[in-house]
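Visitor: Taking the working numbering, the leading residue of the sequence shown gets 10, the next gets one more, and so forth.
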Amino acid sequence: MYSPAAFAFFLSELFVARADKADWHKQLAAHRETCITEMKLDKETLKTFKEIRHFNTLEEFPEIDRCLMKCIIEKEVDQSMDDIDKFMEKRIQFAANMTEKLPSDKQQAFLQSMETCKSLREANNCDTVILFFLCKKENYHKLTHA
10 MYSPAAFAFF LSELFVARAD KADWHKQLAA HRETCITEMK LDKETLKTFK EIRHFNTLEE
70 FPEIDRCLMK CIIEKEVDQS MDDIDKFMEK RIQFAANMTE KLPSDKQQAF LQSMETCKSL
130 REANNCDTVI LFFLCKKENY HKLTHA
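1) Quick one: what's got a C-beta closer than 8 Å to CYS84's C-beta in the same chain, skipping five residues either side?
2) Inspect the beta-carbon positions of LEU120 and CYS144 and report whether they are closer than 8 Å.
3) Excluding the 5 residues preceding and the 5 following MET97 in the sequence, name in chain order all residues of the same chain whose CB lies nearer than 7 Å to its CB.
4) Do GLN116 and GLU109 count as a contact pair if the criterion is CB distance below 8 Å?
5) My output table needs one value for GLN88: the three-state DSSP class, helix, strand or coil.
6) Comparing alpha-carbon positions, which option in ALA38, SER122, PRO71 and PHE141 lies nearest ASN148?
7) To the nearest angstrom, report how far apart GLU53 and ASP74 are at their CA atoms.
8) Span of the alpha helix (DSSP H) holding ASP130?
9) By DSSP, does ASN148 sit in helix, in strand, or in coil?
10) For LYS95, which of helix, strand or coil comes out of DSSP?
11) Quick one: does the C-beta of PHE64 sit closer than 7 Å to a heavy atom of the ligand COA?
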């Protein structure tokens, strides 16, 4: 079985700046297990999960992984995606709190990339989560490697 840390890059490649990293990993593992139970997933079907940083397009993500990630991030920011605008607002605030220990230029680049991508919408919220991540990843890279 893959490690809950595989989701770390998805939720934010910058969480390493967080002081309570061990507690965050415990929370992440708990959210993951809760989502697996709620979604009634067979853990055997999840063994093929690859770290998200290896994917560059929506089509590369198995649908079950998309929805599992959506569930986990909803629990992490304590907001359902049913109200996508409120979700994005809370997600950006959550990220701002998580990145406060980063150098200001990296924090600004990260928050700017989130703002750029927050209007993304897809037919379903599982896809929206992945598209948001891919957009944020691309924009953050452009801003920090210009």
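The C-beta atom is built at its ideal place from N, Cα and C for all residues, glycine as well. A quick note: this is a predicted structure, and the numbers were derived from the prediction, not measured.
Guide: Taking the coordinates as given:
1) As a first step, residue 84 must be located in the sequence shown, where it is residue number 75. Checking the sequence shown, residue 84 turns out to be Lys, not Cys. Counting only residues of its own chain and dropping the five nearest sequence neighbours on each side, LYS84 has a CB closer than 8 Å to the CB of HIS40, THR43 and CYS44.
2) Along the sequence shown, read from residue 1 onward, the residue named residue 120 stands at position 111. Along the sequence shown, read from residue 1 onward, the residue named residue 144 stands at position 135. No.
3) Here residue 97 refers to the residue found at position 88 of the sequence shown. The beta carbon of MET97 sits closer than 7 Å to the beta carbons of LYS127 from its chain, once the five residues preceding and following it are set aside; these are given in chain order.
4) Here residue 109 refers to the residue found at position 100 of the sequence shown. Here residue 116 refers to the residue found at position 107 of the sequence shown. Yes. Within cutoff.
5) One-based indexing of the sequence shown puts residue 88 at position 79. Here GLN88 sits in coil by DSSP.
6) Sequence index remark: in the sequence shown, residue 148 carries index 139 (1-based). Nearest to ASN148 by C-alpha distance, out of ALA38, SER122, PRO71 and PHE141, is SER122.
7) For this step, residue 53 is matched to residue 44 along the sequence shown. For this step, residue 74 is matched to residue 65 along the sequence shown. Distance between GLU53 and ASP74, taken at the CA atoms: about 13 Å.
8) One-based indexing of the sequence shown puts residue 130 at position 121. According to the sequence shown, residue 130 is Arg rather than Asp. DSSP places ARG130 in no alpha helix (DSSP H); its state is neither H nor E.
9) Counting from 1 along the sequence shown, the entry for residue 148 is found at position 139. Here ASN148 carries a helix assignment [DSSP, helix/strand/coil].
10) For the purposes of this step, residue 95 is taken as residue 86 along the sequence shown, with counting starting at 1. The answer is helix: DSSP assigns LYS95 an H, G or I state.
11) In terms of ligand content, the structure shown is empty, and the ligand COA therefore cannot be addressed.
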